[in-house]
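First residue of the sequence shown? That's 1204 in the working numbering, and the numbers climb one at a time after it. Worksheet: the structure to be examined is printed underneath.
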Amino acid sequence: MPSFDVVCEADMVEVKNAVEQSNKEIGTRFDFKGSSAKVEQKEREITVFGDSDFQLGQVRDVLLNKMTKRKVDVRFLDEGKVEKIGGDKVKQVLKVRNGIETEDAKKITKLIKESKMKVQASIQGETVRVTGKDRDTLQEAIALLRKDVKDLPLEFNNFRD
């Protein structure tokens, strides 16, 4: 039976490159001179620092711009609350998503079942496996998911005939 997996995984190498490029640009820009503006990354957690809420927004915009240029979908980021860290300085934690959460996986399987296509979807951990009788129906399922699931950066891999 032909099948493929629906996954939600960011390219962490490109995320790291975007963070490094953001720090390089922040270091050279005139409006950030003498400030504590920076971007740090630990595993799947990116922390953005700034002297004020406005500057934090600018640093976040630089990071999102660099991620977009490196072809990393910004929908991978879950933005946390802005926290004060002494004086006027603020920080914000951005978590990088990995895997499809169970409620989103249930939505995907329900969408496929309601479409009346001749494919089956099953949740396997943080991925959704879709199987069908031929590759044409699988390609129709991919097109359906691309069209209807806008809030998740889905990828389709492990395509088997």
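Quick reminder that beta carbons are idealized off the backbone N, C-alpha and C, glycines included.
Beta-ladder partner(s) of residue i, from DSSP
i       : result
Glu1329 : Paired residues: none, contrary to the question.
Asp1210 : Checking the displayed sequence, the identity of residue 1210 turns out to be Val instead of Asp. Per DSSP, Glu1358.
Leu1297 : Ile1249 and Glu1282
Neighbourhood of residue i by C-beta distance below 8 Å, restricted to the same chain and skipping five residues each side
i       : result
Thr1250 : Val1242, Glu1243, Gln1244, Lys1294, Gln1295, Val1296 and Leu1297
Val1275 : Ala1213, Asp1214, Glu1217, Val1218 and Ala1221
Sequence-distant residues of the same chain with beta carbon closer than 7 Å to residue i, five excluded per side
i       : result
Glu1343 : Met1320
Ser1206 : Arg1332, Val1333, Thr1334 and Arg1363
Leu1168 : Since the first residue of the chain shown is 1204 and the last is 1364, residue 1168 is not available in this structure.
Three-state secondary structure assigned by DSSP to residue i
i       : result
Val1242 : strand
Glu1217 : helix
Arg1363 : strand
Asp1291 : coil
Gly1237 : coil
Glu1304 : coil
Asp1281 : strand
Beta carbon of residue i nearer than 8 Å to that of residue j
i       : j       : result
Ser1239 : Lys1292 : yes
Asp1208 : Thr1305 : no
Ile1311 : Val1352 : yes
Residues near residue i in its chain [Cβ-Cβ closer than 6 Å; skip 5 each side]
i       : result
Val1262 : Ala1240, Val1251 and Gly1253
Leu1267 : Val1277
Inset, instruction - Could you tell me whether the stretch 1310-1327 touches the stretch 1343-1351, where touching means 3 or more Cβ pairs closer than 8 Å? - result: yes
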